[in-house]
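The structure under discussion appears below in the form of structure tokens.
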Amino acid sequence: MPGTHVECYCADCQTFLNHLKAPEYLDAAGGTELFQTLPHAIRFTAGDENLRLLRLSPKGLMRWYAGCCGTPIANTLTSPALPFVGAVLRPGQIGFGPVITHANVTSARGPIRQSGVLRAIIGVMWRAAAAKLTGRNRPNPFFASDGTPTVAPRTLTLAERDAARPRITG
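The numbering of the sequence shown is the numbering used here, which starts it at 7 and goes up by one.
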């Protein structure tokens, strides 16, 4: 499956996982491993009735998880117009190649060097353009054919978001 293995240290990824009470998806520095790929590469073989959608703010990314157990699944943009999914991985999960991008390191818990961000952005744009040209932008398990999310999003309240926000020091 084509894609880019990235590690994101942003406060929003940390907030999402803190809210889900899923610290096992964060590494020691607060990084979240993601595999950026196309939505058609994701398939739910069972349990799609448990799919839930969370937004940290009214204009934030779409953050998908399993409502039955709080397992993070993926991040998407707010519409399927740009076919993109960042599948959430456990730290060190094998089968997705090496991490080639370390992004948003200002929110890391410790010294991490930013690297590979331009490569990741170019990869997303290249895959999206190729998918649209070849029709591989569908199916999309996160959005209906009319472009609406397959489940209604819930947006965190400011108090919920603040409670889950990482405390960045240093």
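Beta carbons are placed, not taken as given, at the ideal position from N, Cα and C, and that holds for glycine.
With a cutoff of 9 Å on beta-carbon distance, G92 and V12 are scored as near each other. L95 is bridged by DSSP to E39. In chain order, A170 place their CB closer than 6 Å to the CB of N24, counting only its own chain and leaving out the 5 sequence neighbours on each side. Taking a 10 Å sphere around the C-beta of R167, we find 16 or more other C-beta atoms and assign the residue as buried. Bridge pairing for W70: L59, A80 [DSSP].
Around the CB of W70, 16 or more other CB atoms lie within 10 Å, so the residue is classed as buried. Each of T154, T112, E55, M68 was checked against the Cα of C75, and the nearest Cα belongs to E55. Around the CB of P45, 16 or more other CB atoms lie within 10 Å, so the residue is classed as buried. Its Cα nearest to that of D152, the residue S85 stands out among S85, A47, L32. Closest in alpha carbon position to R58, among L162, R125, P172, is L162. For V12, the uninterrupted beta strand (DSSP E) segment begins and ends at 10-14. The distance from the Cβ of P145 to that of M68 is about 17 Å, inconsistent with a contact at the 8 Å cut-off. If you check the CB distance, T107 and T38 do not come in under 9 Å.
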